[in-house]
Structure formats: C-alpha cells, structure tokens
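Quick notes on the structure that follows.
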Amino acid sequence: SIITSAPGNGTASFAIAAASNGTSGGDIPAASGTSVLKAAQTIAAGESFDGGMKMFDRGVSCTGQAEGGDSDSVFILEKGASLSNVIIGPNQIEGVHCNGGCTLTNVWWSAVCEDAFTIKKQDAGETTKITGGGATGASDKVLQHNGAGTLSVSGFTVSDFGKLYRSCGNCKTMYERHVIFDDINASSGKLLAGINSNYGDTATFTNVVAKSVSEVCTEFKGNDSGDEPTEISSGPSTACKYSTSDVTSS
C-alpha cells in the first residue's frame, strides 16, 4: 500500500493506507483479503480468532444510529474470548460485541456505524483489553460500555469521531464502570470519554495525544429509567483522572 501524510491536517502522524476496497482512513492498514459474513461469527468462551488482517463485514449498509442487536454484529466474543488482526469493513452495523473479559489485539474499524465495539455483559471484577488497532468515521460512539468492570485501551488510534468511549448513561441495569487509556492518538473528535460519576465511574488517561478534540472527559448523571443523561461537568476531577501533561495536542 502507499502511505502518505493525511491531507489538510498539516501532520504526517496520521498515515493513510490504501485498503483493498479503495477506501482509506486514518492509519487503517491494507487488508489481505475480504470476507463477507452471512451471520455474526461467534468466538467461543476462552477461544481466540486471528483474522490474518482480512477485512470482515456483513454486506449490509450502515443504518446510522438505529440501535442494532447481536445479530447485526460482525463478531460476538463470549467470555474470555480473543480477537486479533482483523479489519472491520464499512458494510456492517454493530461491529464487535463482547460478553466479558475479552481481548482485542490489532483490530481496526475502517468506518464505524452504530458503535465499533460494545461490552454487552461483564462482571465487576473483569477487564476487557484493547491493544493496538484503531477506528475512523464514527458519527457517535466508538467504544460502548454496557456491562460492569473495566475497559483498558492502549496503543489505539482514532480519527473523525463523536465519542471515543461512553459508559452507558441510561441502560436498564446500571453499573460502576472504569476505563483506562494509555498511548492514545486521537484527532478530530468531540469527546474522549463520557462517564457517569454518580455510579462511581472513572476514566484514567496517560500518554494521550488529542488533536482537534473538543473535550477529554465529561461526567454525566446517568439513570436506569431510559431518560437522556444530564451533563455535570468536563475536565480533570476525581472521576476524570488526568493532568495537562497526560493529554497533549502534540
């Protein structure tokens, strides 16, 4: 693939690799092939799947922000499952679903639809880990956290997004949730993390570069009644854990 600096942003840090389908996005690597799945592919509990850098999608158009279910996802990871070396293509709705303690390594989303990744279920003591990879083109959320426990994200690249992470603000069952970000490269987004501090949520940031990102961390007052969550505040706090040296613009 041909790698060039992304036009218009004045930096070379967001390379563009030509993908096999002719599209391009911030740092999305070239695909080794394409696989259109007729149904969501389930990775059994404790099992692992290495996609060999193929692009996987479902052959359906994105429905925008219409909420989908498990059947609309590309991969479903059962408890403790691992997914690696995969590019999620543009022709899909729900991306990857996790049912607790999942591990994602070098997973990329070339065009996010409703959400790139959702922790559907997770126990309080469990941690899901995302290492490497990245996503682009999320009109709303990239990482959605509905279960309990912790999401740890490192070495992740994201561009052209609404929210990188959102702890569900109005799920029927609400939990205390934690997210840890380290070594993140973000550009052209509205918010890195939205959390519900009234439920004890925290977001921790280290080694984050955020260019043209409006807010790092916003606290909301979440609820279990389905109402729209109310915004409390943005910026460093006991819930939004970072200093100015942890999140820089270069």
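Going by my numbering, 56 is the number at position 56 of the sequence shown; the sequence numbering is gapless. By construction, the Cβ of each residue, glycine as well, lies at the ideal position given by its N, Cα and C atoms.
For residue i, the nearest candidate out of the options (CA to CA)
i	options	result
M174	D182, V209, D224	D224
D57	G100, A116, T103	A116
P236	F205, S212, D227, K221	F205
C113	I232, T128, G89	G89
G51	T105, K172, G162	T105
T157	S110, K121, C171	S110
G125	Q144, K163, G80	G80
V96	T118, D182, T103	T118
T127	K141, E176, L164, N170	E176
A39	D70, F49, K54	D70
L151	T202, N170, C171	T202
I130	I184, Q41, K121	I184
Three-state class that DSSP yields for residue i in the structure shown
i	result
Y175	coil
S71	helix
Y242	coil
N198	helix
A116	coil
L143	strand
Other residues of its chain near residue i: CB distance less than 6 Å, five sequence neighbours each side excluded
i	result
S197	E219, A239
S234	E215, T218
W108	I28, I87, G133, G134
D72	I93, E94
D182	S154, T206, N207
K163	K141, L191, G194
Nonlocal neighbours in the same chain, by C-beta distance under 7 Å from residue i, ignoring five residues either side
i	result
N91	D57, R58, G59, V60, S61
Neighbour flag for residue i against chain D, beta carbons, 7 Å
i	result
S152	No chain D is part of this structure, which consists of one protein chain only.
Separation of residue j from residue i, as counted between CA atoms
i	j	result
C168	A44	25 Å
T230	G46	38 Å
S249	A210	5 Å
N85	F75	13 Å
E94	N146	14 Å
G33	V153	27 Å
D123	G149	6 Å
V179	L191	14 Å
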